[in-house]
Every structure is written in structure tokens, then in C-alpha cells.
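Residue numbers for the sequence shown, in our numbering: -1 to 188. From the three backbone atoms N, C-alpha and C, an ideal C-beta is built for every residue, glycine too.
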Amino acid sequence: MRSGGSLFLACALAMSLVIGARPVCKAVGASGATRSVGQAKLGGLEVKLPAPELKGSVSVEDAIKRRRTVRRFSSAPITLEALSQVLWSAQGITGADGFKRAAPSAGATFPIEVYFACGDKSVKGLRKGLWRYVPAGHTIKRVATWDARASLARDSLGQMWAAEAPVTVAIVCDYSRTTGRYGKRGVRYV
-1 MRSGGSLFLA
9 CALAMSLVIG
19 ARPVCKAVGA
29 SGATRSVGQA
39 KLGGLEVKLP
49 APELKGSVSV
59 EDAIKRRRTV
69 RRFSSAPITL
79 EALSQVLWSA
89 QGITGADGFK
99 RAAPSAGATF
109 PIEVYFACGD
119 KSVKGLRKGL
129 WRYVPAGHTI
139 KRVATWDARA
149 SLARDSLGQM
159 WAAEAPVTVA
169 IVCDYSRTTG
179 RYGKRGVRYV
């Protein structure tokens, strides 16, 4: 890995490989030195998110019709409620039994995880850092204390506009969750 690579990229790459039941991340320092960090040891601040809205004011058809690519972002912070809604819409639990999610999953293996990076004043009431969404409990857990948006933008083929957004969301995958159940073909089920 090149010197100064982001913690997130290392996590995403490790989680994308078939490496066993528990993803392992590599913390990468500015010097390029790495150290393994098990997901359970990433520890840190955990925040309970506000409950998501379950009834929207825009139809699916209207949302599709109004969808536009945006590369200029306001510097105004977003609310924790807005962030909560985005995260829940991506991977939130939708069933009373706790097994249904906003996005489908082969065999309820749930290989997709949602992370986001934000700055100090990007989300009202939230500290800067790299955060992981935890659907069970509808919480977020800080896994790094630095603002990773610029690193994510660089590691996303130089899409530097992503560094200017208040929040940069990244979808990552732990293929071992599906390949553990379905073998090699599990990669196709993600």
C-alpha cells in the first residue's frame, strides 16, 4: 500500500477479500507503517441515531425523475436526523423480526456495510471521523478520529469533489459472509 493511504481504503480492501468471518483492517499511518486492527478493537464513540421517518413526502417516481448528479456541495452542516435517514435507507432494519433490511441480502448474510466520513462541523452534534453504521440498534460507531473525506476522494480515482461534501458515504462488502455460506458463487450474490 502506498504511503499515507487511508484507513478506510485499507478497511474496504480487507473487507472485500475473503478473509474469514471477521474483517481485519489495517491502520495506515502517514509514514506508511501499518498495524492490524480487528474490527472489535476499533472501539470508539457510539451514537444512537434518531428514529427514521417511515413515510416520505416524495414518491419513488418523483425521486427518480428529480435525480441529478451534484458536484458542488453546500458547506452547511447536515442534521443528525438527515444522516440517520440516509443510513437507515441504505441498510436499516425494516422488519419487526430484526432480519429484514432496506436492501436485500442472499440468505440474510448481510455482507454490505455502510461507512461515512465527516468533518468537525459537517453534521450537527457529531465529531469528525470515520464512522460505521450499525443497523442493529440504529447506531453509528466511530472507527477513526480523523476526517477521511480527502483520502476517500483521492482513493476514489481522484473525485476530489467528494471531499467537499459534508459527509462522504462509502458502501463496502465483506464477501466472506456470502462465500462462507454459498462458496465461490457467493460473490455473485452480493
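CA-to-CA distance, residue j to residue i, given in whole angstroms
i, j, result
"residue 114", "residue 94", "26 Å"
"residue 70", "residue 161", "10 Å"
"residue 74", "residue 108", "33 Å"
"residue 170", "residue 52", "25 Å"
"residue 77", "residue 60", "23 Å"
"residue 125", "residue 104", "34 Å"
"residue 6", "residue 129", "Residue placement at residue 6 cannot be trusted, given a pLDDT of 34 that sits under 50; the coordinates are not used to answer."
"residue 120", "residue 64", "25 Å"
"residue 142", "residue 56", "35 Å"
"residue 111", "residue 68", "24 Å"
DSSP beta-bridge partners of residue i
i, result
"residue 44", "139"
"residue 129", "114, 140"
"residue 121", "76"
"residue 99", "91"
Residue span of the alpha helix (DSSP H) that contains residue i, given as start and end
i, result
"residue 148", "147 to 153"
"residue 92", "Careful: residue 92 lies outside any alpha helix (DSSP H) and carries neither H nor E."
"residue 57", "Careful: residue 57 lies outside any alpha helix (DSSP H) and carries neither H nor E."
"residue 51", "No alpha helix (DSSP H) contains residue 51, which DSSP labels as neither H nor E."
"residue 176", "174 to 180"
"residue 106", "Neither: residue 106 is in no alpha helix (DSSP H) and is coded neither H nor E."
"residue 160", "159 to 162"
Endpoints, the beta strand (DSSP E) within which residue i is located
i, result
"residue 166", "165 to 171"
Proximal residues to residue i (C-beta, below 6 Å), its chain only, five neighbours per side dropped
i, result
"residue 97", "106"
"residue 136", "47"
"residue 79", "48"
Chain-order list of residues whose beta-carbon lies under 7 Å from that of residue i (same chain, five-residue window excluded)
i, result
"residue 42", "139, 140, 141"
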